[in-house]
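The sequence shown lines up with residues 85 to 594 when you count with our numbering. Quick reminder that beta carbons are idealized off the backbone N, C-alpha and C, glycines included. Data first, discussion second: the structure below is written as structure tokens.
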Amino acid sequence: MTPLSSNDLTEPEPWDPPKPWWRRRTGGTAMAAALVMLGTGLYVGLRPASTSCGEGLAKRGANHECVGLTDGSRHFSFTPDLTKVSGLIAAENQGVTSGSTPWVGVVYLLPAVPSADGTSTADSIRHELEGAYIAQYLANHRNTNGDAPKIRLLLANPGHDEGQRDYTLGQIEAHRAQDHIVAVAGLGTSTTGTKGTIDRITQDGLAAFGSVITADELTPTHGLVRVAPPNSDEAAAAGAFLQSYLKDKPNAKVQLVRDAVKGDLYSSSLADQFKKNYHAQLLPHDMVFDSGEQGVSTNFANQMAGLCQNRPAAVFFAGRGIDLPQFLAPLSQRQCVDQQLIVIAGDDASQVTQSAGREEVKKALSVGNIRLLYTGLAHPDAWKLAPQVYSAAAIEPFTAGGEFTRQFSNEELFDGQAIMGHDALLAAVVAIRAAVSASTPPDQVTGSTVIQMLTALYGPTAIEGASGLISLDNNGNPVNKAIPIVEFKPNGQVVALDVSSSTGQPPQAQ
């Protein structure tokens, strides 16, 4: 079979057209009327709506979102947003398949349309794919991690519901052999849906490389590694920062705000891990909300009196970035506004920096005597703050004159998504090429041989990522991964203040 191209995966659309009116026993009047309708184009309306949204994709779900698998020739929702990066990937893929060097397929899977629950934005999706493309390009044109097999990058949009995910995963399985698919990278964010996706991918014998998944509940999963630190590490880094920040106030309280919504492993894991990592006697009664219900802002407003009564010096927000505006707005109007509050959140807070609630957050910070910090996954400022932690060669593509800045000169790096997308695919490349040996030539690498290499990527053979050293433990988690402490300022600037880790001291570059 030939590899996936823009002509493949088009869903068949069987259709039996209705019998023409002029062939029914309705007389000449009906025939004349039918001809008039044809002349005005109304007859087209009799045909069922198409379930195809371009070659290689199909409409699925209540929102008729375009999901499926493509080689980049067709970008996911036909939005201009992904046109450039999809085109670059398609062109690179064409060069790979037309060459003489053996190649394998790696699927980059992530929802290509922003979700209603705010776990992604159009910018973060685009940035992540741009970073993945840079890793593909460098793998195919530089010999830093070997030169074979080449990497052919396929794009998969799993959508946002079970039916959409099933369709897309089915396409990956159906094209695994002909497209030499050995791994899936990206994987989306930490939700129960993502966990089901990972389980199916790894049970099918493909290696999985998560870019921004952080929930501790996702491991151990055989065949899965992630380049982002788990929430337990983020919570530990946040706790260490707060203890340092509040060192002159040994009895200062920290208010935990937690989202009780079902299915969001990120929020529940982050809250649980923070409670494990901070002094229990300094944590008042949890402030709980449910982002899946209406009236979130009203809930917060009603809890401000209790917050002021507890008089915490800081707040740890264990929820999604999309809900930060609804928390910070009433917080800025609290009665105890004279006391400065530092709010620290997990990495998903980076989404609010480019979301619709950005201006509301800026206003709350300006008038509410609040500082907003979060534990980031990557930030370009970190490279200057702690140069010993980052390999010069690893960050070079993102610096002036590097491949990312050359291809995407107008893009920002402060949300960390491009860096994490790059590192996820880089990890896949390192594992794939590590699988090549005398007994396994480049054209015989499989998902199983790649999975076999995952436990060997530690210590001296750790991955030098642009987000820091990725030294994997036996559960596929990066050990003591670098975690930038980032601040979103009232003027909208996003700056890194420090580089920490689960121990407070991230490993140095090798």
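Check: Alpha-carbon spacing of A174 relative to G486, whole angstroms; Outcome: 21 Å
Check: Coil, strand or helix - C392 by DSSP; Outcome: helix
Check: According to DSSP, residues forming a beta bridge with E548; Outcome: L553
Check: Buried/exposed call for G323, threshold 16 Cβ in 10 Å; Outcome: buried
Check: Burial state of G179, where buried means 16 or more other Cβ atoms lie within 10 Å; Outcome: exposed
Check: For M388, the nearest candidate out of E149, A508, S416 (CA to CA); Outcome: S416
Check: Rounded C-alpha distance that separates L354 from H259; Outcome: 37 Å
Check: Given 8 Å, three or more beta-carbon pairs between the segment 285-300 and the segment 358-374; Outcome: no
Check: Range of the contiguous beta strand (DSSP E) that encloses Q339; Outcome: 338-343
Check: Per-residue DSSP class, three states only, for R109; Outcome: Note on R109: pLDDT 38, under 50, position unreliable in the model; no value is reported.
Check: Beta carbon of D231 nearer than 9 Å to that of T185; Outcome: yes
Check: Rounded C-alpha distance that separates Q472 from F400; Outcome: 29 Å
Check: G215, buried or exposed, once every other Cβ within 10 Å from all chains shown has been counted against 16; Outcome: buried
Check: Continuous alpha helix (DSSP H) assignments of at least 4 residues falling wholly in the segment 249-310; Outcome: 276-287
Check: Pairwise C-alpha distance: G552 and A336; Outcome: 32 Å
Check: Straight-line Cα distance separating V341 from M537; Outcome: 40 Å
Check: Close Cβ partners of G588 (< 8 Å) along its chain, the five nearest in sequence each way excluded; Outcome: A321, A324
Check: Own chain partners of P464 with C-beta closer than 6 Å, once the 5 adjacent residues on each side are dropped; Outcome: L497
Check: Residue range of the unbroken alpha helix (DSSP H) whose run includes P414; Outcome: 408-416
Check: Distance between beta carbons of Q255 and G152, contact taken as under 8 Å; Outcome: 5 Å
Check: Minimum C-alpha distance to K565 - residue among S584, G500, I285; Outcome: S584
Check: Complete beta strand (DSSP E) runs within the segment 463-549 (minimum length 3 residues, chain order); Outcome: 547-549
Check: Cβ distance (whole Å) where P233 is taken to contact I516 below 8 Å; Outcome: 7 Å
Check: Outcome for D263 when other beta-carbon atoms lying within 10 angstroms are tallied against a minimum of 16; Outcome: buried
Check: Inter-residue Cα distance where the pair is T281 and W467; Outcome: 33 Å
Check: Cut-off 6 Å between Cβ atoms - residues of its own chain near P526, not counting five sequence neighbours on either side; Outcome: P186, A232, P233, V520
Check: Among E444, E301, S523, the one whose alpha carbon lies nearest that of P313; Outcome: E301
Check: V451 classed as buried or exposed, judged by whether at least 16 other C-beta atoms fall within 10 angstroms; Outcome: exposed
Check: Residue span of the beta strand (DSSP E) that contains Y192, given as start and end; Outcome: 187-193
Check: N241 - DSSP class collapsed to helix/strand/coil; Outcome: strand
Check: For L40, the nearest candidate out of R404, I406, A448 (CA to CA); Outcome: No statement about residue 40 is possible, as the shown extent of the chain runs from 85 to 594 and does not include it.
Check: Beta carbon of G270 nearer than 9 Å to that of Y192; Outcome: yes
Check: Burial state of H51, where buried means 16 or more other Cβ atoms lie within 10 Å; Outcome: Residue coverage of the chain in this structure runs from 85 to 594, which leaves residue 51 outside it and unanswerable.
Check: Residue from V514, A550, A508 with nearest C-alpha to E480; Outcome: A550
Check: Inter-residue spacing [alpha-carbon to alpha-carbon] between N558 and D317; Outcome: 16 Å
Check: Which of helix, strand or coil DSSP assigns to L326; Outcome: helix
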